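Numbering (the UniProt record's numbering), first residue to last: 1 to 282.
The structure is reproduced here in structure tokens:
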């Protein structure tokens, strides 16, 4: 058998562009010089590169999640539910990628991490403003969190706006009202800077939808998209907690949180409580 010559692969490719002296390249388009020069280790330890890249990748995925959910909120407000489904389905797929990132980070052992952990100072994923934006667009609002970002007025303004704006579930409940369901006015016109608490009228609306799927097919699909997102989010939280426990045990986090203790507490929170409650009642 004749040995394969790598050059043979391209001999029949006559139209591949090779002159980029005056054209934009792949690297130019993606600004790879900026992206790939952003991994700056503060120690000489080999595994710090893993730690930085995992967090960079996760922040990029969070950026896309925010982009998709904000667009979905706008679509739902315009009553374009079908449009929102594609965006919300994409969010769920992104979430699977972020969850798998913990599997890569968990290859970092406690001994390896302690070699450079002190270089982080008080920097912590707890301070990720994009993660907070995800929580805000999903309706989880915690006032003390905003204090972390007061040093950057432009960033604080972005977060403060999201903090006081209706989240994904708020606009969904408004869609229920537009569909004719008698939703409690106090819920429809609530203070959006407060974390949502379950309401009997919202639960009754979802029960009616799940008991008459054909009539309310679009709202039923929307509900299941929300359940998908919450399900994956809880799995992300669990993998986060177990990875932290695996690497640092029950040490205090670099940002000052109780670490595993804090992460276990937020596991019990639901963004869309009625959608889980009704499963027992259907």
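Using N, Cα and C, we set each Cβ at its ideal position, and we do this for glycine too. No experiment lies behind these values; they were computed from the predicted model shown.
Item: Once DSSP output is grouped into helix, strand and coil, what is the label at residue 282?; Value: coil
Item: Should residue 133 and residue 162 be called a contact, given that it needs their Cβ atoms to be closer than 7 Å?; Value: yes
Item: Assuming residue 227 and residue 275 are in contact, meaning their beta carbons sit under 8 Å apart, how far apart are those beta carbons, in whole angstroms?; Value: 5 Å
Item: How about residue 139: is its C-beta nearer than 7 Å to some C-beta of chain C?; Value: Protein chains in the displayed structure number just one, and chain C is not present.
Item: Looking at residue 119 and residue 42, is the spacing between their C-beta atoms short of 7 Å?; Value: yes
Item: Three-state secondary structure (DSSP) at residue 218?; Value: helix
Item: Cβ of residue 164 within 7 Å of Cβ of residue 193?; Value: yes
Item: Given this structure, state the Cα-to-Cα distance separating residue 68 from residue 75, to the nearest angstrom.; Value: 10 Å
Item: Given residue 155, which residues of its chain have a CB within under 8 Å of its CB, disregarding the five upstream and five downstream residues?; Value: 129 and 149
Item: If I follow the unbroken alpha helix (DSSP H) through residue 84, where does it start and stop?; Value: 81-105
Item: Report all residues from its chain with a CB closer than 6 Å to the CB of residue 81; omit the five preceding and five following residues, and keep chain order.; Value: 218 and 222
Item: When the Cα of residue 278 is compared with those of 232, 253, 203 and 83, which residue comes out closest?; Value: 203
Item: Does the segment 77-91 come close enough to the segment 225-243 that 3 or more CB-CB pairs lie under 8 Å?; Value: yes
Item: Whole angstroms are fine: how far does the CA of residue 117 sit from the CA of residue 253?; Value: 10 Å
Item: Can you give the Cα-Cα distance for residue 179 and residue 186, rounded to whole angstroms?; Value: 18 Å
Item: Out of 53, 246, 54 and 206, state which residue places its alpha-carbon closest to the alpha-carbon of residue 280.; Value: 206
Item: Check for me: the alpha helix (DSSP H) holding residue 273 runs from which residue to which?; Value: 273-277
Item: Near residue 145, what residues of its chain come up, given a Cβ to Cβ distance below 6 Å and the 5 sequence neighbours on each side ignored?; Value: 132
Item: Do you know how far the Cα of residue 172 is from the Cα of residue 73?; Value: 8 Å
Item: Out of 122, 65, 16 and 237, which has the shortest C-alpha to C-alpha gap to residue 261?; Value: 237
Item: So, residue 65 versus residue 104, is the Cβ gap smaller than 7 Å?; Value: no
Item: How big is the Cα-Cα spacing for residue 59 and residue 126?; Value: 13 Å
Item: Going by alpha carbons, who is nearest to residue 50 out of 112, 99 and 33?; Value: 112
Item: Using the beta-carbon count (16 or more within 10 Å), is residue 170 buried or exposed?; Value: buried
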